[in-house]
Every structure is written in C-alpha cells, then in structure tokens.
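Below: the structure, in structure tokens.
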Amino acid sequence: MKFFVDTADIGEIRNAVGWGILDGVTTNPSLVAKTGKRFDTVIEEVLELVNGPISLEVTATDYEGMMREGRELAARAPERVVIKVPLTREGIRATKSFSDEGLKTNVTLCFTATQALLAAKAGASYISPFIGRLDDVSTDGMQVIADIVTIYNNYGFDTEILVASVRHPVHILEAARLGADVCTVPFKVLDALFNHPLTDLGLERFLKDWEKVPK
C-alpha cells in the first residue's frame with residue numbers, strides 16, 4: 023500500500039518525507055487555506071520536497087474552467103502533479119479529457135461504488151472515496167471500499183483506489199486488508215501508526231538492561 027499525507031503543511035510533509043515511507047501528497051483548498059500562505063507558495067514548497075504524486079485540486083465547477091485550471095496545474099510538474107477534480111458530471115467529463123491528453127487525475131468526493139465506476143470508465147488515475155464522512159452519517163465506509171475493489175478487479179480497471187477521509191489507524195488496517203492501493207491520511211494519523219505502549223515499554227527495558235552491561 024502507498025502512503026500519501028493529506029496536508030499542505032510543509033512542516034508535516036517534511037517530517038513524513040524524513041521517515042522514508044511517504045509516497046505522495048494530497049491537498050485541497052481547505053488544507054491550503056489553513057496554511058495562511060499563497061497557493062503558489064504552498065505548491066512550490068511541496069514540489070521541492072516530494073518526488074511522488076501530488077494532487078492539486080481545481081476550484082472551477084464548469085468543464086472549461088476545470089480544463090484550464092487543470093492544465094495550468096499539470097504544467098508545474100507534469101510527471102508529478104495529479105489534477106484533482108470533483109465527482110460531478112462536469113468533473114467526469116473533464117477527467118475523460120485529461121485522460122485523453124495523458125494527464126493524471128484524482129477524482130474526489132466519491133461516496134458510492136457506482137460513482138467510482140464512473141470515474142474508472144472516464145480513465146481516472148485515482149478515485150478518492152471518503153470513508154470517514156460516510157461513517158459520520160452511519161454508512162459503512164469500508165464496505166464501499168470493498169465494493170470498489172471487487173468492481174475494479176472484475177473489469178481490470180487501472181484506476182487506483184485512494185482511500186480518503188481516514189480518521190484513525192484502523193481505517194488504514196482495513197483498507198490494507200481489502201487491497202486498496204493508497205491511503206491518504208492526516209499527518210497525526212500517519213504518526214499514530216508508530217505508537218504502541220508495548221513498543222515503548224520494550225525499548226525502555228532494553229535501555230535499562232544495556233546500562234547494566236559492563237563497558
């Protein structure tokens with residue numbers, strides 16, 4: 023499974039890169055706004071740090087606007103930038119056009135397996151089902167992931183399943199069990215994967231025993 027960090031905070035990205043396990047970054051307008059920086063500044067910083075896929079979202083809601091913004095975003099780093107578009111009629115139309123032009127796309131705001139089927143049919147590089155938001159409205163988000171995995175395997179779609187709106191480590195565990203391709207997670211959730219009290223206790227005991235070894 024690939025790990026993307028879902029943030030525009032350059033400090034968080036730098037830490038995740040330093041661990042050596044980060045495969046990419048996803049951003050959105052809300053995450054960029056939290057930084058208090060200009061969009062161009064944020065993007066320049068992320069591109070400088072990350073060699074993998076970087077999802078940058080269009081803000082236009084019409085086809086022509088999405089195409090214009092998407093091409094401008096991709097031009098910044100064609101091999102790394104993934105154009106993030108919403109799962110709307112105009113977004114799916116734009117996804118197909120971007121795919122025909124050889125540009126990578128991440129279709130976001132997906133909440134059903136049939137929506138994911140539309141994205142795959144349009145040639146999306148990634149589909150982003152929001153499992154945490156589904157859980158919030160008493161719907162089993164991981165069942166949607168299971169259904170998408172089955173559908174994509176049935177028909178051999180190349181679209182990668184990028185599990186989004188991840189709230190805790192168990193979401194990551196369940197996504198990995200189901201065979202999802204990517205999890206994009208907030209930095210605090212990625213950081214939490216390291217934590218277990220027995221790991222801390224074991225290390226403490228090892229170090230205490232080491233102090234007893236004759237030097």
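Residues in the sequence shown are numbered from 23 upward in steps of one, following our numbering.
Note that CB positions come from ideal geometry on N, CA and C, so glycine has one too.
Any 3 or more C-beta pairs closer than 8 angstroms across the stretch 157 to 165 and the stretch 123 to 132: No: the two stretches stay apart, fewer than three of their Cβ pairs being nearer than 8 angstroms.
Range of the contiguous beta strand (DSSP E) that encloses Ser150: In the sequence shown, the residue the question calls residue 150 occupies position 128. Counting along the chain, the beta strand (DSSP E) containing Ser150 begins and ends at Tyr148 to Pro151.
Run of the alpha helix (DSSP H) containing Asp122, from where it starts to where it stops: Sequence index remark: in the sequence shown, residue 122 carries index 100 (1-based). First-last of the alpha helix (DSSP H) with Asp122: Arg111 to Asp122.
Where Gly113 falls, given that 16 or more other Cβ within 10 Å makes a residue buried: Position 91 of the sequence shown, counting from 1, holds the residue named residue 113. Its Cβ being crowded by 16 or more others within 10 Å, Gly113 is buried.
According to DSSP, residues forming a beta bridge with Asn128: Within the sequence shown, residue 128 is the residue found at index 106, counting from 1. BP columns for Asn128 point to Lys106 and Tyr148.
Within 8 angstroms, strictly: CB atoms of Val54 and Ala38: Along the sequence shown, one-based indexing puts residue 54 at 32. Along the sequence shown, one-based indexing puts residue 38 at 16. It is not a contact, given that the beta carbons lie outside the stated cut-off.
Distance CB(Ala116)-CB(Val107) smaller than 8 angstroms: Working through the sequence shown from its first residue, we reach residue 116 at position 94. Working through the sequence shown from its first residue, we reach residue 107 at position 85. Contact: yes.
Asp45 and Gly74 closer than 8 angstroms at C-beta: Position 23 of the sequence shown, counted from the start, is the residue given in the question as residue 45. Position 52 of the sequence shown, counted from the start, is the residue given in the question as residue 74. Closer than 8 angstroms, so yes.
Nearest-angstrom beta carbon gap, Ile32 and Glu67 [assumed within contact, 8 angstroms]: Translated into positions along the sequence shown, residue 67 becomes position 45. Translated into positions along the sequence shown, residue 32 becomes position 10. Glu67 to Ile32, Cβ: 5 angstroms. Contact.
Beta-carbon proximity check, Glu91 vs Val103, cutoff 8 angstroms: Translated into positions along the sequence shown, residue 91 becomes position 69. Translated into positions along the sequence shown, residue 103 becomes position 81. Against a cut-off of 8 angstroms, the Cβ pair of Val103 and Glu91 comes out as no contact.
Candidates Val72, Ile76 and Gly42, of which the one nearest Thr48 by Cα: In the sequence shown, counting from the first residue as 1, residue 48 sits at position 26. Of the candidates Val72, Ile76 and Gly42, the one whose C-alpha sits nearest the C-alpha of Thr48 is Ile76.
Those runs of the beta strand (DSSP E) which lie wholly inside the stretch 183 to 217 and span at least 3 residues: 204 to 207
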